[in-house]
Each structure stands twice: as structure tokens, then as C-alpha cells.
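The structure appears below as C-alpha cells.
Protein chains: 2
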Amino acid sequence: MALLSPSRRVRRTPFSDGVEAQGIKAYTVYNRMMLPTMFASVEEDYYHLKQAVQVWDVSCERQVQVQGSDALRLIQILTPRDLSKITPNRCMYIPVTDQNGGMLNDPVLLQSGPETYWISIADSDLLMWVNAIAACNGFDVEVSEPDVSPLGVQGPKSDDLMAQVFGEKIRDLRFFGCDRFEFGGFDFLIARSGYSKQGGFEIYVEGTERGMPLWHALFEAGQPLDVRAGGPNLIERVESGLLSYGNDMTSDNSPLECGLGKFVSTSQLATCFGGRAMREELETGSAQMIRAIEIDGNSVPGCDRAWPLHAGGEQVGQVTSATWSPDFKTNVAIGMVARAHWDADSEITVETPTGPRAARVCDGFWN
Amino acid sequence: MALLSPSRRVRRTPFSDGVEAQGIKAYTVYNRMMLPTMFASVEEDYYHLKQAVQVWDVSCERQVQVQGSDALRLIQILTPRDLSKITPNRCMYIPVTDQNGGMLNDPVLLQSGPETYWISIADSDLLMWVNAIAACNGFDVEVSEPDVSPLGVQGPKSDDLMAQVFGEKIRDLRFFGCDRFEFGGFDFLIARSGYSKQGGFEIYVEGTERGMPLWHALFEAGQPLDVRAGGPNLIERVESGLLSYGNDMTSDNSPLECGLGKFVSTSQLATCFGGRAMREELETGSAQMIRAIEIDGNSVPGCDRAWPLHAGGEQVGQVTSATWSPDFKTNVAIGMVARAHWDADSEITVETPTGPRAARVCDGFWN
């Protein structure tokens, strides 16, 4: 691995001082912001995440704030998901599509206040898309990126840690539920969500100045729980089938191809961006689909580019995330597979940088 | 410095194999793509750039291609610069502004074919902005990111190297002129431009498969010239006053504040995004302006965040890029300075992470 050069353009976060004090070893850059990826080692961080509790600086999940009387009307045309059931106590995962039905982002939508919504984004400047649509259509909204930085608490002991800092009532929050909980005299918006399947929360920290006091409180309260700093863990996320925008899907892919069909409401296809393309795909069936893929042999190299999938002498897809899984003792992977080969147990070949490997389609992810 | 984790999301380029073979030590991430920043050391790369010739993988300067009968009409509303004089033989630096006159990007515009334009972007997903505006207004255009990756040739011996690979005629290309030149049976679009003031070219490599053959040819022909791999060099760019979007300016800044007033045509302000705000700023005068700043003392630490500028007990601006200059034997910096303090020789204090430093506004950059 090469080094990452420092510059203001690759933004620090409200928690960067804490991340550095915890011995950060590697970052990625996400929404032009530092995202910690490794503290001890990817493998050690993985074991710890599955056993204890970690605090994650996921500030890079920036918020596109849409505020005003037309806010929900604007957001509804961005996504094929029906938003009529959104409430301040429920967040929603919403595929965002362009005019061709290609994925522009796969954010989580929250209602943070009256006529105020946060689109908590994956790695693409969705602010530009939303702002342009607002500007061109005369919607009564303000579109901005507020000073809000999510802090993740992930792992099986997350409830125990959060209850100590925010009170016992937080244990009652259900999955993708959200509410406000008090710490240090401020009510933080908190959702039971996060980018692992080990359980946990995301705290939407409003105001940079509130970041480090909360960070310190979590580490102090978490000492008996062996709390550590962590970040989205490659091994755990592939085992769990958590898609990564830019890795496993891009604007070349539709939500249906990404396995997100349950978030595509036919009632919205007449009005949302890309609705016509999605309706056609629903009628004809998707040409390819996201699949869990098991790759034979010893540990695969780092997957820093798409690896072609072959069967019968033809390319039938590509692997976009792959890693050795210590718990499942196999190489776990995520990829797009053509229809003729996407059934479980379909045997395919992956062209890795170190040569071809036998692989097969699985009927589900591992976690 | 921490490491940069590999993933498909942080994209490799057509030249990554060559960059790795040349011993890359550090990258930054720019438009979600790897941008080499250091081979030997920032200082050694700097001396070499000023004396010889370097090949730069600047693929991350992605192209937003706008193609169709309305292409120029669409691009004209994106920028306050008058584009009526664009020709296939001239590229133009165009500030792109949002509805409030804030900078969204500072790209170079090229006409790459009939009714086909490339907006060669700095570090923001301008594709989203342009695509949304096209989609909302029914312009007859296709907006896309083509497989085009710029390769820079920079340094005083650039003409000698380029003449060997593309023929002697390339020496006649004037600054910001562009034309097509043949190599290996393909006519490459080449501009006399680049992100240094040491002279050079940018080759817009169309098609990933054409990348490495050209890379190898440049290194082979350049052997007697001591050609090396390089990249935008922090020291040289600050000495030269080359602004970096995301570092020295963001959407919080207008083109006028960035010293780009000569690219703001009053004739365009009635129709371009943010025209009203820019007209008001022209009438009232800008509140702050980009300035060259000299910082006293020994080598400053890496500038990975904005450093406040103080005078008379008040904040009067911020430094956003800073480094020790071996040639000028001082710390050179770029910052925004409030009107009352922006005159040359104005004495100010910079709050660096290692303490306050005396500094002063300069009447120009160093190179």
C-alpha cells in the first residue's frame, strides 16, 4: 500500500484527532473526506468487531439537507421508493437514480425536523444532483451540506455502550428506527443502523464542537467493554453482503440489478428519474444481478479493480469486492452475474490478477 | 502519513501499472481516482520538475462530455465566461458556478469534435450538476464520462520529449492551444497546458488501451532527458499560485474572490447560474480575495486543514495551502484575505497547528 498525502481537499472530520490518537494505520477517501479503514489489522479489527464494540468515524457519510415546503416532493422524484410512510422516527434506505435508471447513490433518508430532511449519502456528490434539480425546477427548498457528521457504534456490545452514554431507553430503538437522545445537554439524532451486521447505531453529530466530547465519553464508558476505534471492515461487509457504492454498483447499474427491487415502487415510476427504464427492466427482467460468490483457493489479492467472471468461454459478469474470510474459511466476494449464470451453485471462473480461480454463485451472503 | 486502502471505488487509471513500476510512494484521491503525489520525495520531485521533464498520470482530471446540438448553449449557462470564441484549437479555463455564484469547479473546456465538448474537471462530481441541468431543461445533449484520461508532460524539457514522440510540429503549439498529433496510428488531442508553471502539455488519451503504449514510448524517448514519473507538486504549485479546488476554494467562494475576475463576462451574468450574485459582488467589491502569503520561520507542518489568519485580534482570512520552498527559502502559502488586509506587505498572523507565525501578504506568487 502507498501513503495518502495530506491536504485540506481530503477533509479531516470532527473526530480526526481521536482517530489519530487511537493509532489509525490506513484510510480510504470517501466523499472527499478521510474514512478510517484499519487500526490493528483488517483481520484483527474484524474479530474485534464481531465480539465487542467499536466507535466508527463515518463523518464521510455527508448529509444533503433539503429544507422547505417542497422538500419531500423534491426527494420523492429522486427515488423509486415510496416515501409516503416516512416519519421523524423512521429512516429509509433510498436508491437514487438518474434519468436512465442508473444508481447515483444509495443513501439513507432521515427526517431531522419540520420540513427538513437529511439524505445521508454514499460516495458520490449527490449534493450537485439535488441542488441542480432544485435550481432548475423552482422548488421551494434550500439544499445544503450541514455540519453534521455521523459517528457509528457497531458490534454486539453496542447496546450496552450506548445505554451507558445515552440512557437505557435507547435499547428500545428498533432497526432503522430513529429518535433523539440526550448527552451533555444536547439531543442527538440517533438511528439503529450502520454499515455492519453486528448491530449498532449511528449518531448524527450536529456541530463539529460536539464531536470530541462525545468520542471521549464513548471511550471512557466503553473501557470495560473493550471498546476500540474501528471502521467499515472489508471482511465483515462482504460476508454480510453490504453493497458499497462505487465498488459493487455505479451509475451503470439499476437498483433492480443491485437486488434493491423491494425499494422500487411501481407507483413512483411515472414520476421519478429513470422510472421508464426501471419499468422496462421490470417487464423484461434484469440482465444481471448482484450475487454472493465463493472463490476457491487460498487468500485472494486485494480487489482494487473489477475481476471478470467467465463461463463457457464468455464473460458473464464481474467481481467487485473480494477477501479471505477467516470465519468461513473461504474467499467471499460480491459481483454482478448474468442471468444465465446467477442461480445458486452455478460454477464460474474468476480472472484475478494472480490467475483464474474456480468460483460459484451462492444462495445468500454469509452473515 | 497513513496508508491508502485499495478498493475498486478509488479507481485505478490506464497508467497505474506504469506508476507502480516507477516506484510510487504516495497518492491523493481526486475525483474518486488515484492521483500520484510523490515518487522520490516531494522535494526531490520538485527539483527534478524544474530541471528536466516528468510524465504525470492526471487521469483523475475526468472529462464531462457534452455532446449534441445544444451542447455549447448548455455549457454557456454553467459559466460566467463568454465562450463565443471557443474553437477546436483553443481550450478555455472556465469557472463553473452554482445559483449563488459559488465555485462548483474550475475546469478546462475543450472542443473535441463537432458538437462535442469536454469539461476537464477539478475535484468535484460536476457530471451530476451538468447531467441534472440537461435532464431538467430538455437540452438536446448527451452528458457522459468518456474513457478519456489526460497524461501530463511537464518540465522545461517537455518540448524536446514531446517532439520526439509526436513530431517537431508540436513545438509550435501556443499556451492553451490544442490540436491533434499522431502517435502509433492515432491522432491524440494535445493541449499546451498543465498544472505547473514549468511548461508542458496534456495529452487526452482516448481509450484505456492506448495508455500504456504511449507511457512506454515517452519513457523510452525521454531516457536521455532524465524523464521521470511525477505528479502535481505541492511546492511548485504553491510557488506558482496554481489554485486547487477543494483546497484554496470551495462552493463558499465566488470566482471573483478566487482572483478569476477576468473570466467573468458581464455579458453572461443575466443568463448564467449565479450571475446575479456575481453582479452584486462586482458592484460592491469582494469581501476577500486569494493572495500569496509568506510565512516566517522554519518549515511549516503539512497544511491539511484551513489555518486561521489574524490581525488586530480578529480573524481576517485563512491559509489553505502552505509549504517550505527550497528555492525561495521561505514558507510559501495561498490563502483568502479580507479586504482591509489584502494589500501587499500587510502583516498578519497565521495560526498553524504548531503555534502562531508572523506572515505577510505578497504582491504576487513566486514562479
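Protein chains in written order, with this note's numbering: chain A, 1 to 367; chain B, 1001 to 1367. Where a beta carbon is used, it is the ideal one built from N, C-alpha and C, also for glycine.
- Taking a C-beta cut-off of 7 Å against chain A, the contacting residues of the region 1017 to 1041 of chain B are I1024, K1025, A1026, Y1027, T1028, V1029, R1032, T1037, M1038, listed in chain order.
- Taking 8 Å as the cut-off, the beta carbon of A2/A is found closer than this to the beta carbon of I1024/B.
- Taken in chain order, the whole beta strand (DSSP E) runs of length 3 or more contained in the region 1204 to 1274 of chain B are 1228 to 1230.
- DSSP places Q1022/B in no beta strand (DSSP E); its state is neither H nor E.
- The C-alpha of T354/A is placed about 19 Å away from the C-alpha of F1015/B.
- CA-CA distance, S265/A to Q99/A, rounds to 16 Å.
- Around the beta-carbon of S41/A, fewer than 16 other beta-carbon atoms lie within 10 Å, marking it exposed.
- By DSSP's assignment, T1284/B forms no beta bridge with any residue.
- The distance from the Cβ of M1033/B to that of T1250/B is about 20 Å, inconsistent with a contact at the 8 Å cut-off.
- Within chain B, R1008 have C-beta atoms less than 8 Å from the C-beta of T320/A, given in sequence order.
- Think of a sphere of 7 Å around the beta carbon of I1133/B: the chain A residues whose beta carbon falls inside it are A132, C136, in chain order.
- Within the region 1107 to 1127 of chain B, the residues whose Cβ lies closer than 9 Å to any Cβ of chain A are, in chain order, D1123, S1124, D1125, L1126, L1127.
- In this structure, D1082/B is the residue among M1128/B, N1031/B, D1082/B with its C-alpha nearest to the C-alpha of Q1268/B.
- Membership of R1073/B in the alpha helix (DSSP H) is indicated by the continuous run 1071 to 1078.
- If you ignore the 5 residues before and after L126/A, its C-beta comes within less than 8 Å of the C-beta of V64, V96, L104, N105, P107, I119, all in its own chain and listed in chain order.
- Taking C-beta atoms under 8 Å as the contact rule, W1056/B and G1152/B qualify, at a distance of about 3 Å.
- Along the region 149 to 167 of chain A, none of the residues has a CB nearer than 7 Å to a CB of chain B.
- In chain order, D1304, R1305 make up the part of chain B whose C-beta sits under 8 Å from the C-beta of R12/A.
- Within chain B, the residues whose beta carbon sits less than 9 Å from that of M1/A are L1003, L1004, S1005, P1006, listed in sequence order.
- Every alpha helix (DSSP H) of 4 residues or more that sits fully in the region 104 to 182 of chain A is shown, in chain order, as 126 to 137, 158 to 166.
- Each residue's CA atom was taken as its position, placing G1101/B and S149/A some 26 Å apart.
- Taking A1333/B as the centre and dropping the five residues before and after it, the same chain places the C-beta of I1293, I1295, V1319, A1322 closer than 6 Å to its C-beta, in chain order.
- The beta carbon of W324/A does not come within 8 Å of any beta carbon belonging to chain B, so the residue lies off that interface.
- T349/A is bridged by DSSP to H310/A, A358/A.
- A straight-line Cα-Cα distance of about 7 Å links G275/A and P80/A.
- L309/A is positioned such that its CB atom lies no closer than 8 Å to that of G297/A.
- As computed with DSSP, E1202/B is found in a beta bridge with G1152/B, A1191/B.
- Identification of residues in the region 1041 to 1067 of chain B having a C-beta nearer than 8 Å to some C-beta of chain A yields an empty set.
- With 16 or more neighbouring CB atoms inside 10 Å of its own CB, G1246/B falls in the buried class.
- Of all alpha-carbon atoms in R1279/B, L1242/B, L1074/B, P1006/B, the one lying nearest the alpha-carbon of V1143/B is that of L1074/B.
- The C-beta distance from D304/A to R1012/B rounds to 6 Å, short enough to meet the 8 Å contact threshold.
- The C-beta separation of G1222/B from L1161/B comes to about 5 Å, placing the pair in contact by the 8 Å criterion.
- Bridge partners of S1005/B according to DSSP: none are assigned.
- Contact of W1129/B with chain A by beta-carbon distance below 7 Å involves M128, A132.
- Between K1157/B and L1225/B, the C-beta gap is smaller than 8 Å, which places the two residues in contact.
- With distances taken between CA atoms, R291/A lies nearest to E239/A out of Q76/A, E168/A, F175/A, E239/A.
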